[in-house]
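> Using numbering that gives the first Met the number 0, read the sequence shown as starting at 0 and increasing by one per residue.
Glycine included, every Cβ here is placed at the ideal spot set by N, Cα and C.
Source: prediction; values computed, not measured.
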Amino acid sequence: MKKSLLILLVLVTVKLNIKAQNIFPVKLDNCITNTFCLDCGDEKAGVNTNEFNNLVNKLNKTNGSDYRKVNGKILFQVLVDSTGNGCVLSHTDASDSPTSASIVRALNLFTGWIPAKENGKTVGRTSINISAEIKNGVLTASVARVDMNAFRRSFEARDPEIYNKSYAYTNENLKNYNIKFWNSKNSNLPDNFNDHIAIDANNTVWLTTEQNLVKFTGSSFIPAGQYVSDNNKVPFVYHTIIADNKNIKWTCIKDDIYSFNGDKWTKYDSTTTGSSGTYSIINNTKSAEVFFCSDKGLTIYKNGTWNTINKAKVKELPSDRVYFAKRDSKNRIWVGTFSGSVLLDENGKAISYNNTATVLKNKCITSMDEDENGNVYLGLFEYDRKDKKSLNADEGVAICSSNGDIKQFTTDNSGMPFNHVTKVLYDKNEKVLWIATDRAGLVRYDLKGNWENYHNKNSNIPTPYISDMALNSNGVLYLATRQGLVKIERK
């Protein structure tokens with residue numbers, strides 16, 4: 000009896016022209032992915048047809064006996080860099096079979112990739128899809144172009160996915176908030192793909208869109224990033240946005256860092272910063288440092304000086320691929336990498352949580368905030384999932400009490416509706432923790448055992464997909480979502 004390859008076509012957390020995102024459920028951690036775009040370029044990435052056909056023929060010759068035992072189609076997302084190297088990012092075979100593993104190895108070794116071009120210049124990194132089908136014992140494969148219209152529709156408002164079936168949400172505080180949203184239909188917001196948000200010293204909201212950066216005045220959106228380059232005809236994709244203590248805005252475009260002082264933009268390339276692109280940029284208010292997290296480690300900027308922490312300097316770091324880092328009130332740095340998390344104490348001593356029995360073992364810290372009592376709140380990512388078929392991984396949030404105790408909260412032991420967290424924020428005005436998710440909307444936790452869950456089925460929040468969030472100095476919460484900007488203000 001022939002087996003069928005399990006195909007699961009779920010767009011999990013991907014977006015157009017983005018950083019470090021995998022389209023398909025089975026994610027592979029073997030590529031440099033700090034920034035890339037999805038099937039972009041006016042000349043799209045592809046393959047040398049003759050060489051690709053030879054690759055397929057070789058696979059049929061080598062694995063023909065195995066192919067006679069299976070039927071099915073698998074999609075592979077492949078990252079192609081400017082030099083023509085390819086690396087498989089993700090695929091759709093949720094059974095993670097030996098068949099898909101052998102195709103992954105072949106695609107990674109394939110030398111016939113053709114990089115994408117934009118205005119005649121090769122694009123740094125772009126991902127394309129390869130469709131492979133096994134039928135009647137024969138493998139066929141080809142490049143599968145992304146249907147951008149269908150892709151955008153995949154982020155249209157959908158029902159929230161509440162994995163927690165045991166917690167009874169009363170949402171008793173929902174009535175205390177005014178919730179308003181702006182999108183491309185009811186305002187001049189260029190588009191609804193809003194993934195990063197920052198609020199500066201003047202309480203101005205800065206928001207990334209699919210291919211621009213805008214400022215929000217309270218009623219309208221003003222393009223704010225069009226003068227980054229002398230060539231204004233070229234659209235830019237902004238990877239993250241923050242405002243530092245001096246009200247300077249920081250962002251990443253392709254592999255370069257940019258700052259904006261209110262009058263002009265300044266570009267910093269890798270020779271200056273020591274990093275290449277970023278996963279995230281974090282402002283540390285108390286230490287006046289700006290952190291840049293990338294595949295080169297943690298780069299720290301302060302008073303015009305750039306310094307990088309990596310495995311060469313701190314052997315306890317499990318990887319140079321730093322996704323997130325932030326300093327707490329005790330002068331410790333919490334670092335999340337794609338191979339584990341580390342705490343650098345006030346004396347520079349490193350503790351690798353992979354070598355502990357805590358809930359942070361084998362987790363990547365993706366977000367962090369702290370309250371006035373020194374309790375630290377962490378968003379977690381399970382980078383090597385035990386159950387690859389489940390979207391509700393062993394993640395959630397962790398609370399590190401000031402006495403050193405660490406407790407994880409998930410759908411199994413709390414009111415978390417879904418375990419994948421995009422941001423945690425401590426609200427000092429209300430003394431609550433706000434938790435953003437990308438499938439179940441917004442979570443309000445009062446830190447006393449009471450959990451509330453707001454989404455598009457019970458509130459004016461237009462979608463359960465929340466990418467980022469920020470609080471202004473008046474305690475007003477803003478959400479960046481895949482359906483526009485949301486403002487949540489206490490009545």
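Classify Glu171: buried if its beta carbon has 16 or more other beta carbons within 10 angstroms, exposed otherwise.
exposed
> For Lys43 versus Ala131, is the C-beta spacing smaller than 7 angstroms?
In this structure, Ala131 does not lie closer than 7 angstroms to Lys43 by Cβ.
> With the cut-off set at 7 angstroms, would you say Thr207 and Lys214 are in Cβ contact?
no
> Whole-angstrom Cβ separation of Ala397 and Phe417, contact assumed at under 8 angstroms?
In fact, because the Cβ distance is near 16 angstroms, the residues do not count as touching under 8 angstroms.
> What does DSSP give as the partner residues of Asp404 in its beta bridges?
Per DSSP, none; premise fails for Asp404.
> Between which two residues does the beta strand (DSSP E) harbouring Val341 extend?
339 to 343
> Can at least three beta-carbon pairs, one atom from the segment 155 to 168 and one from the segment 65 to 74, be found at a separation below 8 angstroms?
no
> For Phe380, which three-state DSSP category applies?
strand
> Taking the C-alpha atoms as reference points, what is the distance between Asn361 and Ile405?
15 angstroms
> Which residue or residues does DSSP assign as beta-bridge partners of Glu117?
According to DSSP, Glu117 bridges with Lys120.
> Can at least three beta-carbon pairs, one atom from the segment 184 to 196 and one from the segment 439 to 452, be found at a separation below 8 angstroms?
Cβ pair count under 8 angstroms is below three, so no.
> DSSP three-state call for Leu74: helix, strand or coil?
strand
> Beta-carbon separation of Ile332 and Leu316 under 7 angstroms?
no
> Does the structure place the segment 275 to 293 close enough to the segment 236 to 245 that three or more beta carbon pairs sit under 8 angstroms?
yes
> With C-beta atoms as the reference, is Asn47 less than 7 angstroms away from Gly111?
yes
> Given that a residue counts as buried once 16 or more other Cβ atoms are within 10 Å of its Cβ, and exposed if not, what is Asp255?
Around the beta-carbon of Asp255, 16 or more other beta-carbon atoms lie within 10 Å, marking it buried.
> Can you look up Gly83 in the DSSP assignment and give me helix, strand or coil?
coil
> Smallest Cα separation from Leu54: which of Asn309, Leu106, Trp181, Lys266?
Of Asn309, Leu106, Trp181, Lys266, the residue nearest in Cα terms is Leu106.
> Just verifying my parser: in three-state terms, what is the DSSP assignment at Val103?
helix
> Quick check on Phe51: does DSSP put it in helix, strand or coil?
Here Phe51 carries a helix assignment [DSSP, helix/strand/coil].
> Drop a sphere of 10 angstroms on the beta-carbon of Arg104, count the other beta-carbons inside from all chains shown, and report buried for 16 or more, exposed for fewer.
exposed
> What span of residues does the beta strand (DSSP E) with Thr298 cover, start to end?
Per DSSP, Thr298 belongs to the beta strand (DSSP E) from 296 to 301.
> Assign Leu476 to one of two classes, buried (16 or more other C-beta atoms within 10 Å of its C-beta) or exposed (fewer than that).
buried
> Return the chain-ordered list of same chain residues with a C-beta closer than 7 angstroms to the C-beta of Asn372, the five sequence neighbours on each side being excluded.
Ser401
> Could you compute how far the alpha carbon of Tyr382 sits from the alpha carbon of Ala167?
The C-alpha of Ala167 is placed about 30 angstroms away from the C-alpha of Tyr382.
> On the premise that Val122 lies in contact with Gly40, defined as a C-beta separation below 8 angstroms, what is that separation, rounded to the nearest angstrom?
5 angstroms
> DSSP three-state label for Thr169, please.
coil
> May I have the straight-line CA-CA distance separating Ser458 from Gly136, to the nearest angstrom?
Ser458 and Gly136 have their C-alpha atoms some 52 angstroms from each other.
> Residues in the same chain with beta-carbon distance under 6 angstroms from Leu377, minus the five sequence neighbours each way, listed in chain order, please.
Ile364, Met367, Ala397
> Give me the DSSP bridge partner(s) of Arg67.
When DSSP reads this structure, Arg67 sits in no beta bridge, so it has no partner.
> Could you tell me how far apart the beta carbons of Asp140 and Ile129 are, in whole angstroms, since I believe they sit closer than 8 angstroms?
The question names Asp, yet the displayed sequence has Ala at residue 140. Taking a contact as a CB-CB distance under 8 angstroms, the pair Ala140 and Ile129 counts as one, their CB atoms being some 6 angstroms apart.
> Select from Asp327, Trp205, Tyr162 the residue whose C-alpha is nearest the C-alpha of Gly414.
Tyr162
> Measuring CB to CB, does Lys486 end up less than 7 angstroms from Asn175?
With contacts defined by Cβ atoms closer than 7 angstroms, Lys486 and Asn175 do not form a contacting pair.
> Just list the residues that DSSP pairs Phe215 with in beta bridges.
In the DSSP output, where bridge partners are listed per residue, Phe215 has Val204, Phe220.
> Helix, strand or coil for Leu108 per DSSP?
helix
> In the DSSP assignment, find the unbroken alpha helix (DSSP H) run with Pro277 in it and report its ends.
For clarity, residue 277 is Thr in the given sequence; the question names Pro instead. Careful: Thr277 lies outside any alpha helix (DSSP H) and carries neither H nor E.
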